Amino acid sequence: MAPMSSIERNDDQPGRLCEEERELLRKVAWESIEHGLRTGRPLAVDVARFPKTLREPGASFVTLNKHGQLRGCIGSLEPVRPLVEDVAYNAFHAAFSDPRFPPLRADELPDIDRHISVLGEPEPMQFTSEEDLVRQLRPGVDGLILQAGPNRGTFLPAVWESLPDPHDFVTHLKLKAGLPPDYWSDDIRVWRYTTEAF
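Structure (C-alpha coordinates):
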(Lines of atoms letter the chains of each structure in order from A and count residues from 1; the text may use other names and numbers.)
(Lines give C-alpha, C1' and ligand atoms only; values in the text may rest on other atoms or scores of the structure.)
Protein backbone atom coordinates (compact mmCIF):
# COMPACT_ATOMS: atom_id res chain seq x y z
CA MET A 1 0.00 0.00 0.00
CA ALA A 2 1.46 3.35 -1.00
CA PRO A 3 1.96 6.13 1.53
CA MET A 4 -1.06 8.39 1.80
CA SER A 5 0.49 11.65 2.93
CA SER A 6 -1.32 13.65 0.25
CA ILE A 7 -4.88 12.89 1.45
CA GLU A 8 -7.18 15.91 1.37
CA ARG A 9 -8.82 16.66 4.70
CA ASN A 10 -12.20 18.25 5.29
CA ASP A 11 -11.42 21.08 7.70
CA ASP A 12 -15.12 21.74 8.23
CA GLN A 13 -15.16 18.62 10.40
CA PRO A 14 -12.07 18.74 12.61
CA GLY A 15 -10.97 15.34 13.85
CA ARG A 16 -13.22 13.52 11.40
CA LEU A 17 -11.89 11.03 8.89
CA CYS A 18 -12.06 11.77 5.18
CA GLU A 19 -13.51 9.14 2.87
CA GLU A 20 -10.08 7.95 1.75
CA GLU A 21 -9.01 7.40 5.36
CA ARG A 22 -12.19 5.45 6.02
CA GLU A 23 -11.50 3.31 2.98
CA LEU A 24 -7.97 2.60 4.22
CA LEU A 25 -9.38 1.40 7.55
CA ARG A 26 -11.95 -0.81 5.79
CA LYS A 27 -9.16 -2.33 3.71
CA VAL A 28 -6.94 -2.93 6.77
CA ALA A 29 -9.84 -4.60 8.61
CA TRP A 30 -10.47 -6.96 5.69
CA GLU A 31 -6.77 -7.71 5.21
CA SER A 32 -6.41 -8.51 8.92
CA ILE A 33 -9.27 -11.02 8.72
CA GLU A 34 -7.82 -12.64 5.59
CA HIS A 35 -4.37 -12.71 7.22
CA GLY A 36 -5.93 -14.33 10.30
CA LEU A 37 -7.48 -17.08 8.20
CA ARG A 38 -4.04 -17.87 6.73
CA THR A 39 -1.84 -17.44 9.81
CA GLY A 40 -4.00 -17.37 12.95
CA ARG A 41 -2.64 -13.90 13.80
CA PRO A 42 -3.78 -10.31 13.21
CA LEU A 43 -2.15 -8.30 10.44
CA ALA A 44 1.09 -6.58 11.49
CA VAL A 45 0.49 -3.01 10.32
CA ASP A 46 3.33 -0.79 9.10
CA VAL A 47 1.93 2.27 10.86
CA ALA A 48 4.43 4.68 9.29
CA ARG A 49 2.88 4.15 5.83
CA PHE A 50 -0.48 5.63 6.86
CA PRO A 51 -1.72 9.22 7.17
CA LYS A 52 -1.09 11.06 10.42
CA THR A 53 -4.73 10.81 11.53
CA LEU A 54 -4.58 7.00 11.39
CA ARG A 55 -1.21 6.89 13.15
CA GLU A 56 -2.54 8.74 16.19
CA PRO A 57 -3.90 6.73 19.16
CA GLY A 58 -7.53 5.80 18.63
CA ALA A 59 -10.23 3.49 19.98
CA SER A 60 -12.39 1.49 17.60
CA PHE A 61 -14.95 -1.29 17.38
CA VAL A 62 -15.20 -3.65 14.42
CA THR A 63 -18.58 -5.31 13.88
CA LEU A 64 -19.08 -8.22 11.50
CA ASN A 65 -22.53 -9.13 10.20
CA LYS A 66 -23.58 -12.15 8.18
CA HIS A 67 -26.90 -11.88 6.29
CA GLY A 68 -27.79 -8.95 8.55
CA GLN A 69 -27.12 -10.88 11.76
CA LEU A 70 -24.28 -10.18 14.19
CA ARG A 71 -21.29 -12.49 13.57
CA GLY A 72 -18.71 -10.81 15.81
CA CYS A 73 -17.96 -7.50 17.50
CA ILE A 74 -14.80 -6.57 19.41
CA GLY A 75 -13.40 -3.19 20.28
CA SER A 76 -11.42 -0.86 22.48
CA LEU A 77 -12.87 1.75 24.82
CA GLU A 78 -9.61 3.64 25.26
CA PRO A 79 -6.98 4.70 22.71
CA VAL A 80 -4.03 2.44 23.55
CA ARG A 81 -2.41 2.12 20.09
CA PRO A 82 -2.47 3.83 16.68
CA LEU A 83 -5.98 3.83 15.21
CA VAL A 84 -4.99 1.82 12.13
CA GLU A 85 -3.37 -0.82 14.34
CA ASP A 86 -6.40 -0.87 16.64
CA VAL A 87 -8.71 -1.55 13.68
CA ALA A 88 -6.49 -4.41 12.45
CA TYR A 89 -6.39 -5.91 15.96
CA ASN A 90 -10.14 -5.62 16.56
CA ALA A 91 -11.09 -6.92 13.10
CA PHE A 92 -9.04 -10.06 13.73
CA HIS A 93 -10.55 -10.59 17.17
CA ALA A 94 -14.12 -9.87 15.98
CA ALA A 95 -13.64 -12.65 13.42
CA PHE A 96 -11.86 -15.21 15.56
CA SER A 97 -12.12 -14.39 19.29
CA ASP A 98 -15.65 -13.17 20.03
CA PRO A 99 -16.70 -15.70 22.71
CA ARG A 100 -20.31 -15.60 21.46
CA PHE A 101 -19.42 -17.15 18.11
CA PRO A 102 -17.18 -19.85 16.63
CA PRO A 103 -14.13 -18.58 14.73
CA LEU A 104 -14.92 -17.31 11.25
CA ARG A 105 -14.40 -19.81 8.42
CA ALA A 106 -13.02 -18.96 4.99
CA ASP A 107 -16.25 -20.05 3.27
CA GLU A 108 -18.16 -17.39 5.24
CA LEU A 109 -16.12 -14.46 3.92
CA PRO A 110 -18.33 -13.68 0.89
CA ASP A 111 -21.32 -13.21 3.24
CA ILE A 112 -19.57 -10.95 5.77
CA ASP A 113 -20.14 -7.20 6.02
CA ARG A 114 -17.75 -5.20 8.19
CA HIS A 115 -18.54 -1.99 10.02
CA ILE A 116 -16.03 0.20 11.85
CA SER A 117 -16.86 2.62 14.65
CA VAL A 118 -14.22 5.11 15.76
CA LEU A 119 -14.96 6.26 19.29
CA GLY A 120 -14.87 9.81 20.53
CA GLU A 121 -13.56 10.51 24.02
CA PRO A 122 -15.92 9.18 26.73
CA GLU A 123 -17.55 11.90 28.84
CA PRO A 124 -18.59 11.11 32.43
CA MET A 125 -22.29 11.66 33.06
CA GLN A 126 -23.77 13.21 36.20
CA PHE A 127 -27.15 11.92 37.36
CA THR A 128 -29.13 11.49 40.57
CA SER A 129 -31.15 8.38 39.65
CA GLU A 130 -31.77 5.91 36.87
CA GLU A 131 -34.67 8.08 35.67
CA ASP A 132 -32.38 11.11 35.58
CA LEU A 133 -29.82 9.15 33.54
CA VAL A 134 -32.49 7.94 31.10
CA ARG A 135 -33.81 11.49 30.62
CA GLN A 136 -30.35 12.71 29.58
CA LEU A 137 -29.76 10.08 26.90
CA ARG A 138 -29.75 11.01 23.22
CA PRO A 139 -31.19 8.01 21.30
CA GLY A 140 -29.26 7.24 18.16
CA VAL A 141 -26.36 9.45 19.25
CA ASP A 142 -24.95 8.24 22.56
CA GLY A 143 -22.83 5.19 23.10
CA LEU A 144 -22.70 4.28 26.80
CA ILE A 145 -20.22 2.67 29.13
CA LEU A 146 -21.79 1.51 32.39
CA GLN A 147 -19.70 0.34 35.33
CA ALA A 148 -20.56 -0.89 38.83
CA GLY A 149 -17.62 -2.27 40.77
CA PRO A 150 -15.85 -4.83 38.56
CA ASN A 151 -18.83 -5.10 36.19
CA ARG A 152 -18.62 -3.09 32.99
CA GLY A 153 -20.37 -3.09 29.63
CA THR A 154 -20.81 -0.83 26.63
CA PHE A 155 -23.34 -0.31 23.86
CA LEU A 156 -22.37 1.48 20.66
CA PRO A 157 -24.81 4.09 19.31
CA ALA A 158 -25.80 1.56 16.62
CA VAL A 159 -27.55 -0.50 19.33
CA TRP A 160 -30.31 2.13 19.44
CA GLU A 161 -31.57 0.61 16.17
CA SER A 162 -32.62 -2.55 18.03
CA LEU A 163 -33.29 -0.90 21.43
CA PRO A 164 -34.84 2.52 20.63
CA ASP A 165 -36.42 3.03 24.07
CA PRO A 166 -33.93 4.62 26.54
CA HIS A 167 -35.22 2.53 29.47
CA ASP A 168 -34.69 -0.68 27.48
CA PHE A 169 -31.27 0.54 26.37
CA VAL A 170 -30.11 1.00 29.96
CA THR A 171 -31.73 -2.23 31.18
CA HIS A 172 -30.05 -4.33 28.49
CA LEU A 173 -26.74 -2.58 29.08
CA LYS A 174 -26.92 -3.58 32.75
CA LEU A 175 -27.53 -7.17 31.66
CA LYS A 176 -24.56 -7.00 29.31
CA ALA A 177 -22.42 -5.77 32.21
CA GLY A 178 -23.46 -8.84 34.22
CA LEU A 179 -25.89 -6.97 36.48
CA PRO A 180 -29.56 -7.73 37.23
CA PRO A 181 -31.98 -5.72 35.05
CA ASP A 182 -33.39 -3.86 38.09
CA TYR A 183 -29.97 -3.17 39.64
CA TRP A 184 -29.31 0.35 40.82
CA SER A 185 -26.74 1.68 43.24
CA ASP A 186 -24.87 4.86 44.04
CA ASP A 187 -21.68 3.19 42.77
CA ILE A 188 -22.94 3.05 39.16
CA ARG A 189 -20.82 5.18 36.86
CA VAL A 190 -21.75 6.00 33.27
CA TRP A 191 -19.83 7.63 30.43
CA ARG A 192 -21.23 8.60 27.07
CA TYR A 193 -19.42 8.83 23.78
CA THR A 194 -20.17 9.34 20.13
CA THR A 195 -18.78 7.35 17.22
CA GLU A 196 -17.89 7.93 13.62
CA ALA A 197 -19.34 4.81 12.02
CA PHE A 198 -18.77 3.57 8.49
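The sequence shown begins at 0 in numbering that gives the first Met the number 0 and counts up one residue at a time.
Note that beta-carbon positions come from the ideal geometry of N, C-alpha and C, so glycine has one too.
On a predicted model such as this, the values are computed, not experimentally measured, just so you know.
Output the distance between the C-alpha atoms of Phe-49 and Pro-56, rounded to the nearest integer angstrom.
Roughly 13 angstroms separates the two Cα atoms.
For Ala-196, which of Val-140, Asp-131, Pro-101 has the nearest alpha-carbon?
Of Val-140, Asp-131, Pro-101, the residue nearest in Cα terms is Val-140.
So is Ser-31 buried or exposed if we call it buried at 16+ other beta carbons inside 10 Å?
Buried, by the Cβ-count rule.
Taking the CB atoms as reference points, tell me whether Ala-93 and Val-133 lie closer together than 8 angstroms.
Not in contact: Ala-93 and Val-133 (Cβ atoms no closer than 8 angstroms).
Apart from the five residues on each side of it in sequence, which residues of its chain come closer than 7 angstroms, Cβ to Cβ, to Pro-165?
These residues qualify, in order along the chain: Val-133, Leu-136, Pro-138.
Using the Cα positions of Ala-105 and Phe-95, report the straight-line distance between them to the nearest angstrom.
Cα-Cα distance, rounded: 11 angstroms.
Give the secondary structure of Val-19 by DSSP, where H, G and I count as helix, E and B as strand, and everything else as coil.
The residue asked about is misnamed: residue 19 is Glu in this sequence, not Val. If DSSP states are grouped into helix, strand and coil, Glu-19 belongs with the helices.
Alpha carbons only, please: which of Met-124, Asp-131, Asn-150, Glu-20 is nearest the one belonging to Thr-52?
For Thr-52, the nearest C-alpha among the options comes from Glu-20.
Under 8 angstroms between the Cβ atoms of Ser-144 and Leu-76?
Checking the sequence, you will find Ile at residue 144 rather than Ser. Yes, these two residues count as a Cβ contact at 8 angstroms.
From the DSSP output, in three-state form, read off Phe-225 for me.
What the structure shows of the chain is the stretch from 0 to 197, and residue 225 is not part of that stretch, so it cannot be assessed.
Quick check on DSSP: helix, strand or coil for His-171?
If DSSP states are grouped into helix, strand and coil, His-171 belongs with the helices.
Determine the burial state of Gly-35: buried for a count of at least 16 other Cβ atoms within 10 Å of its Cβ, exposed for fewer.
Counting Cβ neighbours within 10 Å, Gly-35 comes out buried, since at least 16 surround it.
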